[in-house]
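In what follows, a structure is listed as structure tokens, so that the remarks can point back to it.
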Amino acid sequence: MNDDADDQREPTRREWTGFWSMIVQQTQNAFNDKAAQFILIPLGAAVGFSVESAAALMIALPFVLFAPLAGWMSDRFSKRDVMLGSAIAQCLIFAGLCGAVALRDMRLALMGFFAFAVQSAFFSPAKIGINKELVGSKHLGFAAGIQQMMAMLAMLAGQIAAGAVFDHRYRQLGAEPSVAWQAALVPLLVLAVFSLPTIGLAWIIPRTPAHEVPPLRGKTLVRHFHHLADLWSRTGLRRASLGVAFFWGFAAFINLWSVKVAKWLTEGQEGFGTLSSWFMAAASLGMVGGFATASWLLRRRIELGWVPVAGVAMTFTGLVLASIDPLSTLELVAGDAPPWERLGAALGNLFLWTLGGLAFFAALFLAPLNAWMQDNYPADKRGELQAAVNLQDCFAGIIAAGAIEGMAWLARLADISELAGFRIQIVVGALCCGLITWFILRLLPADFIRVIGLTLLRLIYRIRTTGAERLPKKGGVLLLANHITWADAFFLTAACPRPVRFIMESGFMRHRAIRVFCRVFDTLPISSAKPREALRAATAALRAGDVVCIFPEGQLTRTGTLQELKRGFELIARQAGCPVVPVWTDGVWGSIFSFERNRFFRKIPRRLPRGLCVAFGTPLPPESTGLDDIRRGLLAAAAEALQARLAPRDGAAQANALQLSQVNGLPRRWAFAVLESDPLPSRLPALPVFGALFRSPAHRHASPDAGGETHWLGGEALRAAILAAAPPGESRVFFDFSPQAQRPLDAQGWLHCPCLAIGGAIVAMSMPEPPQPYPGSKPQPGRKSGSLGLLLPGFAVREEAGRLILSGPAAPAGDIALPEGFRLDEEGFVFPPGEAEESV
Numbered sequence: 138m139n140d141d142a143d144d145q146r147e148p149t150r151r152e153w154t155g156f157w158s159m160i161v162q163q164t165q166n167a168f169n170d171k172a173a174q175f176i177l178i179p180l181g182a183a184v185g186f187s188v189e190s191a192a193a194l195m196i197a198l199p200f201v202l203f204a205p206l207a208g209w210m211s212d213r214f215s216k217r218d219v220m221l222g223s224a225i226a227q228c229l230i231f232a233g234l235c236g237a238v239a240l241r242d243m244r245l246a247l248m249g250f251f252a253f254a255v256q257s258a259f260f261s262p263a264k265i266g267i268n269k270e271l272v273g274s275k276h277l278g279f280a281a282g283i284q285q286m287m288a289m290l291a292m293l294a295g296q297i298a299a300g301a302v303f304d305h306r307y308r309q310l311g312a313e314p315s316v317a318w319q320a321a322l323v324p325l326l327v328l329a330v331f332s333l334p335t336i337g338l339a340w341i342i343p344r345t346p347a348h349e350v351p352p353l354r355g356k357t358l359v360r361h362f363h364h365l366a367d368l369w370s371r372t373g374l375r376r377a378s379l380g381v382a383f384f385w386g387f388a389a390f391i392n393l394w395s396v397k398v399a400k401w402l403t404e405g406q407e408g409f410g411t412l413s414s415w416f417m418a419a420a421s422l423g424m425v426g427g428f429a430t431a432s433w434l435l436r437r438r439i440e441l442g443w444v445p446v447a448g449v450a451m452t453f454t455g456l457v458l459a460s461i462d463p464l465s466t467l468e469l470v471a472g473d474a475p476p477w478e479r480l481g482a483a484l485g486n487l488f489l490w491t492l493g494g495l496a497f498f499a500a501l502f503l504a505p506l507n508a509w510m511q512d513n514y515p516a517d518k519r520g521e522l523q524a525a526v527n528l529q530d531c532f533a534g535i536i537a538a539g540a541i542e543g544m545a546w547l548a549r550l551a552d553i554s555e556l557a558g559f560r561i562q563i564v565v566g567a568l569c570c571g572l573i574t575w576f577i578l579r580l581l582p583a584d585f586i587r588v589i590g591l592t593l594l595r596l597i598y599r600i601r602t603t604g605a606e607r608l609p610k611k612g613g614v615l616l617l618a619n620h621i622t623w624a625d626a627f628f629l630t631a632a633c634p635r636p637v638r639f640i641m642e643s644g645f646m647r648h649r650a651i652r653v654f655c656r657v658f659d660t661l662p663i664s665s666a667k668p669r670e671a672l673r674a675a676t677a678a679l680r681a682g683d684v685v686c687i688f689p690e691g692q693l694t695r696t697g698t699l700q701e702l703k704r705g706f707e708l709i710a711r712q713a714g715c716p717v718v719p720v721w722t723d724g725v726w727g728s729i730f731s732f733e734r735n736r737f738f739r740k741i742p743r744r745l746p747r748g749l750c751v752a753f754g755t756p757l758p759p760e761s762t763g764l765d766d767i768r769r770g771l772l773a774a775a776a777e778a779l780q781a782r783l784a785p786r787d788g789a790a791q792a793n794a795l796q797l798s799q800v801n802g803l804p805r806r807w808a809f810a811v812l813e814s815d816p817l818p819s820r821l822p823a824l825p826v827f828g829a830l831f832r833s834p835a836h837r838h839a840s841p842d843a844g845g846e847t848h849w850l851g852g853e854a855l856r857a858a859i860l861a862a863a864p865p866g867e868s869r870v871f872f873d874f875s876p877q878a879q880r881p882l883d884a885q886g887w888l889h890c891p892c893l894a895i896g897g898a899i900v901a902m903s904m905p906e907p908p909q910p911y912p913g914s915k916p917q918p919g920r921k922s923g924s925l926g927l928l929l930p931g932f933a934v935r936e937e938a939g940r941l942i943l944s945g946p947a948a949p950a951g952d953i954a955l956p957e958g959f960r961l962d963e964e965g966f967v968f969p970p971g972e973a974e975e976s977v
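Per our numbering, the very first residue in the sequence shown carries number 138; after that it's consecutive.
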């Protein structure tokens, strides 16, 4: 199957059915495998045959011996056929294992133990490699997380059931070594019967294509280091595979450590199997939770930043575990305690909770690495490279087992108590987590910071996305976005299904915080003094297939409306030959990062969390990237974003009220005034909704010289009253919706702001000039002579028969037709016919 075809395709129903059949098969396989292990380990202890360390080696050894052959088979044949063969082999192995236990031959039973590991060695590359072939890249993070979660859940169930059943039967039969064989035989026979359905499950999986690989030769069986060299020649895969190997080494370390602690606590006698099961249950449940969480976190894209986050948590949790006394867990195997009392003791046991937490973060460490590797394997080498990864994992497991035994030997040599020795072992494991995390942080600092930053962002902002399906799945894309806040890049990064690179003026790089931002988000710094170099850098990134974002306004809006668009992006789009996607972020005016309250940052948030919406507009071909095309595309995206923020029951008045809240006109949480005799405010249904939503009530007064409000809103009646009244003692703002609004108002002490309302909807508003936040900031007019104000964001604009038509959720009848001759200038001001465009 072609990798390119796999990238973002939607799986068919049959492929999803095959995926879930594979999940059920591997779940049953993992359950049987772990259950058999946790019957044989306490069986060995009961008959005086210590198998814990030998078991760890026997589980790992087949992955070392047969890795090249397993990888070759997974690539040479359909992975479905390999999985079918593994299901048949499992049934035969169970038959042999039952025979060995019936004959009471522990050495022969251990051969069955080894055979299960051989079967897993061939099953693993096929079940992991088939994920992308069934669900493609788009759902691979989810699929990998589900696969690992279900495997751990199965192992948890298997070890709990096996340990508990064996201990129960062992006690019932007399708890003597002679009856241990009988206690083990019946559950093994049950497992053998339950292994049969896996053959049918494997048959349901669609046959995936085989690949052209060299024929099987004798040297194929010993190409371990050739495959490892192939894996290591790919820098990204090498680093990811070493991280995966560390996880499996750490998992083997914790697994063997837990078994040895359980054996020490019970002296290897009655209760050993049960206590081991409790320990494994805590670890497995933690991993199940970790993989489930990872599946949710990676549902949109594979994010490697979670790896160092999990590594930091593993280090801390490991050190905490070393400080907790495991003796408290003996309550879990009290012979006369009923099951509910044991469960209650387990739920309140700090040792188990910490062990589970350690496993949770370990799973979160593994899942992104595993999904990333599966996505980046070449299609014809998935089996081979996965087998090489499995080989590394086994070496890591063997090293971990050797480390446990070596540290135990050194503790005995130094006459250190066993409990102290166990604590030293887990401290060493935690310090190893810290070292690997430090190494990963050096490789992935941007990913780590991005994950932390975006996680905090999502806690503060409820980000909704609309139109993301319009974004091309592959290839270069130029995003052109409105610019309201300093955090817009974070919002777009959180909302976009693909990684985004931003273009920034290199002059900003003088600030340390911005330099860090540029590294985190792989920003393209460009210099306006060197336009050709800037053009080449942006074009090269787009031709390389990146998503590049430009804020075409060239500055943050201080009015809340769309500012004049700057040229430059047209040439970039045409030279790169890539589509242009307008993007609008709605709902962020009012955040501390916006200019609401006439300042950036220096204000207290009024509401947490905040809801916002990012709308991806219709892609435009590179040849259709004129300023008018882009402005209309942005305004259309703004209307979609506003619609997405509304609840189904919300109407035009609610939408229009939200539009008012997104501009620097009527202040939030600040009352405004209307004239009692003025009928116009009652004809604007958005005003009372705005007042209720943003604590901005309308106070009614008999004359314009009454009341203490500084902002007044009205029509012809208020205009006439202002002209007849004495000048106010303080400066006041008049939002003029009268038919003569575009005409200047010669009234001392009043700032005249012409506005436009049509059919009960407020369409445009002038507003006081926003102050300059920094020396040298570009001016942004809030008013223009002869205009009726700035078009409110949330209206899409089109032209029909020479007239401008506004549409959007705030239009009461779906469309608002502006009177003939009305026009919109490049800064968004609405002009009636014949009026000159001149800034006030």
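Note that the Cβ used here is the ideal one computed from N, Cα and C, for glycine as well. Nothing here was measured: the structure is a model prediction, and the numbers come from that model.
Just checking my contact of residue i with residue j at CB under 8 Å: how many whole Å lie between their CB atoms?
i	j	result
residue 775	residue 947	Going by Cβ atoms, the distance from residue 775 to residue 947 rounds to 11 Å, so no, they are not a contact pair.
residue 374	residue 522	7 Å
residue 917	residue 695	5 Å
residue 730	residue 801	The Cβ separation is near 15 Å, so there is no contact.
residue 850	residue 811	6 Å
residue 498	residue 466	Not really, about 21 Å apart at Cβ, beyond 8 Å.
residue 459	residue 415	At roughly 19 Å, the Cβ-Cβ gap does not stay under 8 Å, so residue 459 and residue 415 are not in contact.
residue 234	residue 246	6 Å
residue 425	residue 290	5 Å
Alpha carbons only, please: which of the options is nearest the one belonging to residue i?
i	options	result
residue 560	538, 468, 594, 456	456
residue 576	393, 698, 383	383
residue 825	291, 803, 814	803
residue 261	230, 243, 205	205
residue 167	328, 959, 580, 408	328
residue 718	736, 771, 692	771
residue 542	677, 394, 589	394
residue 588	444, 711, 722	444
residue 716	706, 863, 787	706
residue 720	752, 424, 956	752
residue 423	460, 500, 465, 635	500
residue 756	726, 734, 697, 684	684
residue 809	870, 736, 277, 637	870
residue 590	442, 280, 679, 281	442
residue 617	409, 726, 768	768
Just to confirm my understanding: we take residue i, look at its own chain, exclude 5 residues before and 5 after, and list those with CB closer than 6 Å. What are they?
i	result
residue 210	219
residue 221	339
residue 601	750, 781
residue 162	335, 338, 339
residue 348	212, 517
residue 701	963, 964
residue 429	286
In its own chain, which residues sit with a C-beta less than 7 Å from the C-beta of residue i, not counting the 5 before and 5 after it?
i	result
residue 901	892, 893, 925, 926, 927, 928, 929, 967
residue 897	820, 821, 822, 949
Note down, in chain order, each residue of its chain lying with its Cβ closer than 8 Å to the Cβ of residue i, except the 5 sequence neighbours on either side.
i	result
residue 381	503, 506, 507, 510, 526, 529, 530
residue 754	604, 607, 718, 719, 720, 721, 770, 771, 773, 774, 777
Let me check one thing: in DSSP terms, what residues is residue i bridge-paired to?
i	result
residue 81	In the structure displayed, the chain extends from 138 to 977; residue 81 sits before or after that span and is not available.
residue 752	603, 721
residue 661	640
residue 870	848, 888
residue 757	717
residue 686	616, 639
residue 318	According to DSSP, residue 318 bridges with nothing at all.
Does at least one heavy atom of the ligand FMN sit under 8 Å from the Cβ of residue i?
i	result
residue 563	This structure lacks the ligand FMN, and indeed carries no ligand of any kind.
Original post:
Which parts of the stretch 182 to 230 are runs of the alpha helix (DSSP H), unbroken and 4 residues or longer, counting only runs that do not cross its ends?
Top reply: 189 to 202, 204 to 213
Subject >> Complete runs of the beta strand (DSSP E) confined to the stretch 878 to 965 [at least 3 residues] >> reply: 887 to 895, 898 to 902, 933 to 937, 940 to 944, 952 to 954
**OP:** Kindly provide the ranges of any alpha helix (DSSP H) runs that are 4 or more residues long and lie completely inside the stretch 340 to 409, ordered along the chain.
**Re:** Listed in chain order, the complete alpha helix (DSSP H) runs (minimum 4 residues) inside the stretch 340 to 409 are 361 to 369, 372 to 403.
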